[in-house]
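Colleague: Just so we're aligned, residue 173 is where the sequence shown starts under this note's numbering, counting upward by one.
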Amino acid sequence: MTGPSSGLPTGLPRVVVAAPSTGQGKTTIATGLMAALRARGLEVSGHKVGPDYIDPGYHAVATGRPGRNLDPHQVGEERIPPLLLHGARGADVAVVEGVMGLHDGRLGTDGFASTAHVAALTRTPVVLVVDVSRMSRSVGALVAGMAAYDPAVEVAGVVLNRAGSPRNVAEVRRSVRLPVLGVVPRDDSLATPSRHLGLVPAGERDEAAELVARLGERVAQHVDLDAVLDVARSAPDLDAVPWDPAAEVRRVAAAGEEPVVAVAGGRAFTFAYAETEELLAAAGCRVVRFDPLTDRSLPDGTRALLLGGGFPEVHVRELARNTALLAQVRDAVRAGLPTVGECAGLLYLLDALDDTPMAGVIGTSAAMSERLTLRYPVARAVGDSLLARTGEEVRGHEFHRTALTRAARGWTPAWDVDGELIGVASPTLHASYLHVHWAGHPRLAQRFAEAAVAAVPVVAPPVEDALPEPAADTSERAEVDPLLHPLDHHGDRELGPGLLDLAVNVHPEPRPAWLEQALAEGVRDSTSYPDPAPARAAIAELHRRRPDEVLVTAGAAEAFELVARWKQWRHVVVVHPQFTEPHAALERAGHRVTVVQCRPEDGYRLDPAAVPEDADLVVLGNPTNPTGVLHPAADILRLRRPKRVVLVDEAFMDTVAGERESLARDRRRGLLVVRSLTKHWSLPGIRAGYVVGSERSIAGLEARQVPWSVSTPAISAAVACTGPSALAEAARRTARIAQWRAHLLAGLGARGVEVVGSETSFVLARVGEGAREALRERGIAVRRADTFPGLDGGWVRIAVRPPATTDLLLEALDAVSAPA
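Structure follows, in structure tokens:
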């Protein structure tokens, strides 16, 4: 399309904030200056020399306007003044933050794309920021050299940063032959935090606004703002016309028919040039932002997808937990949704990032590396694709510390960079590590918009988590199909109006009076924040451990989530059939799980030799839900290895006579034992549980626990359920459960029903395909077992109940199996 045209001279007060080198504090001063001028009531426009995305994020916070980049390498020299004027429309003053040292540009080009180059192109005076913490008179020589080096660059003043003693400042002042516009003392509390690629993006810092406000106050206190404004107003008029995205692209969609372009945002995707969205809007697209961390689906009607840059490696587990969005993106992109991925976007589309599953569109993975890739290349298109045509060149930049583990097979490479083929491309997909500023290459926006217009909108997925309203007539017992998310299925999903509950393993008898009293006291004491220390001490005494070897949790569920987020596990193994909640928690945390099946011919008992040697986390239940099998403690201990954690879910151990085979008192390294008070004490709504293990392991889990996650009533219940009255009552309940289980097993055996040898409060029985549904029609709910890996629809889990209740089940089974 057309380039910028000349026009009437345009006035814009403006100043470039530069430095002799990186690390002098120019970002701090420039951002603070923007905030201070805005606090004066001025409309301030913030700009950054070069390709960097992070500083403009802070500029946006300081000015309340989009941060803008001025990069001759990416957009061409001729577009720099028009882009400056475009970004500063309606502003009273523009502040341009430099890059690196004043004269440092693209290597081998004699300063091309340097701060000095941009200052000369825009005829903007420079304020030099100098760190004087380790210099005195040498500052004068340094400033004099900077000012005289390039006659096309006007250095109009100096800000002395990180100043120390008054005597040293006076010495520096006498040495500098330019106006000193400010003297800013050292203040480490205002340093912007670094990351492997530079600063932490403002979008990832919850306190960014507060930090920027403090920077503004600091600069206003120590810099002469009037003098800076005088420098800015001394800038001559620019003989240029503001850049206009509508002059760069052709509109491809009629009004009212704008195709939706979904643009990734949020904390994981913070890198974007504002002009990209402006070009797409000018071409007739409707840009809609979404957050891959939190949004469960793409925006309604999405016809194209733009996944920009950011730090996905920092948020990889949160991204992986959003499995619904990952699946939708995978299916949509594979089906031909026009998609662009730049750097972070490329990583999101891979099979995995740091062994954490991603969308799985591009069949390779990436991992963090020791080497930082930083280059400013000219890239040539390898073939025709969504964005480019064979042989076309673009100027971009790369800035990443991840690398692909191997080349992606089956794709045309996107770019040739100095003989290296990078990225992948097709008629509908373009993804690589290369960042490109589309204002310098508006044809990319044009082609992307045209592809969006021609694309079929993505159909929103069904709402998966919604439960139907209960039927008013108990004869109409609609059932949700839980196989949409089998690992998340729970026994309470089997319940419904009028159904007899043999699906949930909560003890059916009333809670003891002493427990009711403890719960009431917990509610009464809930006027202050919870303190788990008493529960920690009581549980430690019960299992003969130290309090620092106990962590009280909001049920076993929280314990599983903490373990999943504790470490970046390399190889996770879950022994199945097994309670699916730990497996689901691990997948939500982004871990790939290897399943080791206990074999039916072995009675579903653990075979330690079946667990891979390289597993660093092994999870199993004891007794196991849903089989009720009690594994010998000696077999579990055979799983121990150096640098391996064995997590034993003993949620139902309190229903086993004498709690034999428990490892809760075993203090050997590498063992974690999770317990729950939910089932045996009828407390599913209270959420009380705990983990026991080594002091170091417990400290690691506690560091990831949300403050006050365990309520005061739960703490009170935990203390009560570990006391002498509880131990006596638990023994009585366990004995009754054994009697009830014997009655159930006898009844099932008499009917020829295959059962697994359970030693807890439920029984796994093979009643045959369709029997569960038939029992439901007769008013009895049992737990389907085909959501447990390794079991099919013929199995059900039956909660142990008093004989009179069990007899109702047996009668229903007789009716179900009777010939028609």
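Backbone N, C-alpha and C define an ideal beta-carbon position, used for all residues, glycine too. No experiment lies behind these values; they were computed from the predicted model shown.
(1) Given residue 500, which residues of its chain have a CB within under 8 angstroms of its CB, disregarding the five upstream and five downstream residues?
(2) Taking the beta strand (DSSP E) that residue 574 belongs to, which residues open and close that run?
(3) Relative to the alpha-carbon of residue 659, which residue among 606, 754, 627 has its alpha-carbon at the smallest distance?
(4) Would you say the region 671–678 touches the region 871–888, given that touching needs at least three Cβ pairs under 8 angstroms?
(5) For the beta strand (DSSP E) that residue 738 lies in, which residues bound it at each end?
(6) Going by DSSP in three states, residue 645 sits in which element: helix, strand or coil?
(7) From this set, 628, 322, 749, which residue's C-alpha is nearest residue 477's C-alpha?
(8) Suppose you measure from the CA of residue 927 to the CA of residue 664; what does that come to, to the nearest Å?
(9) Determine the DSSP secondary structure at residue 874, reduced to helix, strand or coil.
(10) Measuring CB atoms only, is the region 430–447 touching the region 217–232, in the sense that at least three cross pairs come out at less than 8 angstroms?
(11) I'd like to confirm the pairing. Which residues does DSSP put opposite residue 757 in its beta bridges?
(12) Taking 7 angstroms as the threshold (C-beta atoms), are residue 329 and residue 351 in contact?
(13) With DSSP run on the structure shown, which of helix, strand or coil describes residue 888?
(14) Looking at the unbroken beta strand (DSSP E) that takes in residue 767, where does it start and where does it end?
(15) Taking the alpha-carbon positions, what's the residue 706 to residue 504 distance?
(16) Beta strand (DSSP E) containing residue 604: first to last residue?
(17) Return the chain-ordered list of same chain residues with a C-beta closer than 6 angstroms to the C-beta of residue 805, the five sequence neighbours on each side being excluded.
(18) Can you give me the C-alpha to C-alpha distance between residue 514 and residue 556, rounded to a whole angstrom?
(19) Hey, out of 956, 933, 962, 960, whose CA is closest to residue 978's CA?
(20) Classify residue 567: buried if its beta carbon has 16 or more other beta carbons within 10 angstroms, exposed otherwise.
(21) Hey, would you say residue 246 sits closer than 7 angstroms to residue 743, going by beta carbons?
(22) Of all the options 855, 867, 210, 829, which has the alpha carbon lying nearest to the alpha carbon of residue 845?
(23) Look at the Cβ atom of residue 562, then the Cβ atom of residue 553, and state whether they are nearer than 7 angstroms.
(24) Tell me the rounded alpha-carbon separation between residue 581 and residue 495.
(25) Could you give the distance in angstroms between the alpha-carbon of residue 985 and the alpha-carbon of residue 768?
(26) Going by alpha carbons, who is nearest to residue 585 out of 723, 596, 462?
(27) Is the number of C-beta pairs between the region 698–714 and the region 878–898 that are closer than 8 angstroms three or more?
(28) Less than 7 angstroms between the C-beta atoms of residue 288 and residue 278, yes or no?
(29) Relative to the C-alpha of residue 824, which candidate in 902, 857, 765, 564 has its C-alpha closest?
(30) Which value, in whole angstroms, describes the spacing of the CA atoms of residue 974 and residue 788?
(31) Can you tell me the Cβ-Cβ gap for residue 816 and residue 791, rounded? I've got them flagged as a contact below 8 angstroms.
(32) Alpha carbon to alpha carbon, how far is residue 456 from residue 238?
(33) So, helix, strand or coil for residue 322, using DSSP?
(34) Do residue 274 and residue 304 come within 7 angstroms of each other at the CB atom, strictly closer than that value?
(35) Output needed for residue 183: all residues of its chain with C-beta closer than 7 angstroms, excluding positions within five of it in sequence on either side, in chain order.
(36) Grouping DSSP H, G and I as helix and E and B as strand, with all else coil, what is residue 748?
Modeller: Short version:
(1) The residues are 469, 470, 630, 633.
(2) Boundaries of the beta strand (DSSP E) around residue 574: 565–576.
(3) Selected option, being the one with the closest Cα: 754.
(4) The answer is no - the region 871–888 does not touch the region 671–678, with fewer than three Cβ pairs under 8 angstroms.
(5) Run containing residue 738: none in the beta strand (DSSP E); it sits in the alpha helix (DSSP H), 727–738.
(6) Confidence at residue 645 is low in this model, with a pLDDT of 36, below 50, so its placement is unreliable and the value that follows should be read with caution. Annotated three-state conformation of residue 645 is coil, per DSSP.
(7) Ranking 628, 322, 749 by Cα distance to residue 477 puts 628 first.
(8) If I take the Cα positions, the gap works out to 22 angstroms.
(9) Looking at residue 874 - three-state DSSP - the assignment turns out to be helix.
(10) Inter-segment contact for the region 430–447 and the region 217–232 is present: three or more beta-carbon pairs are separated by less than 8 angstroms.
(11) Beta-bridge pairing links residue 757 to no other residue.
(12) In this structure, residue 329 lies closer than 7 angstroms to residue 351 by Cβ.
(13) The DSSP-derived three-state label of residue 888 is helix.
(14) Here the beta strand (DSSP E) through residue 767 covers 765–769.
(15) Pairing residue 706 with residue 504, the inter-Cα distance amounts to about 52 angstroms.
(16) Start and end: 601–604.
(17) Cβ within range, chain order: 833, 835.
(18) Distance from the CA atom of residue 514 to the CA atom of residue 556, rounded to whole angstroms, is 18 angstroms.
(19) Selected option, being the one with the closest Cα: 933.
(20) Looking at its Cβ environment, which holds 16 or more other Cβ atoms inside 10 Å, residue 567 is buried.
(21) Not a contact, by the Cβ cut-off of 7 angstroms.
(22) Of the residues 855, 867, 210, 829, the one whose Cα lies closest to the Cα of residue 845 is 867.
(23) Contact: yes.
(24) Distance between residue 581 and residue 495, taken at the CA atoms: about 25 angstroms.
(25) The alpha-carbon atoms of residue 985 and residue 768 are separated by roughly 33 angstroms.
(26) Selected option, being the one with the closest Cα: 596.
(27) At 8 angstroms Cβ cutoff, the stretches touch.
(28) Contact: no.
(29) When each option's Cα is compared against that of residue 824, the closest is 902.
(30) C-alpha separation (whole angstroms): 42 angstroms.
(31) Between residue 791 and residue 816 the Cβ distance is about 11 angstroms, and since that is not below 8 angstroms, they are no contact.
(32) In a straight line, the C-alpha of residue 456 is about 21 angstroms away from that of residue 238.
(33) Looking at residue 322 - three-state DSSP - the assignment turns out to be coil, as it is neither helix nor strand.
(34) No, Cβ-Cβ distance for residue 304 and residue 274 is not below 7 angstroms.
(35) These residues qualify, in order along the chain: 409.
(36) It is a strand residue.
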